[in-house]
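Counting with the numbering used here, you get residues 566 to 670 for the letters of the sequence shown. All residues carry an ideal CB built from backbone N, CA and C; glycine is no exception. Predicted model, so just to flag it, every value in this text is computed and none were measured. First up is the structure itself, then whatever we jot down about it.
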Amino acid sequence: MNISIIGTGYVGLVTGVCFASLGNKVICVDVDEKKIEMINKGMPPIYEEGLEQLLVENKNRIEATMDYRFAIQNSEITFICVGTPSKNDGGIDLSFVEEAAEEIG
């Protein structure tokens, strides 16, 4: 299956690498160019035990890009894995989710 993951933080990158390790083709999307470069070089921008090894082992099934359109058009399913920080009033800031949804269309 071709999968796209929007967001390459702890949830998104770990999810993407795990899907790739199961044999899926994964395209990770992020707005941070440095993260994209690191992932494409097989270096995770976050630490999670075993993640680097899985990323390297599955580098032919996972890629990262800043291009939402490319990722969406080349996947059968998309997961939004972006941050939902707390607001000062205790509510949830969904602006990153809304932004990702707008990019999907």
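query, result
"Where T580 falls: helix, strand or coil (DSSP)", "helix"
"Buried or exposed by the 16-neighbour rule on C-beta atoms within 10 Å, applied to P609", "buried"
"Beta-carbon contacts of T630 that lie in its chain and below 7 Å, excluding the five residues immediately before and after", "I592, V594, I601, A636"
"Alpha-carbon spacing of N623 relative to C646, whole angstroms", "20 Å"
"Secondary structure, beta strand (DSSP E): runs of 3+ residues fully inside the segment 629 to 667", "642 to 645"
"beta-carbon N653 near the ligand SAM non-hydrogen atom, thresh 7 Å", "In terms of ligand content, the structure shown is empty, and the ligand SAM therefore cannot be addressed."
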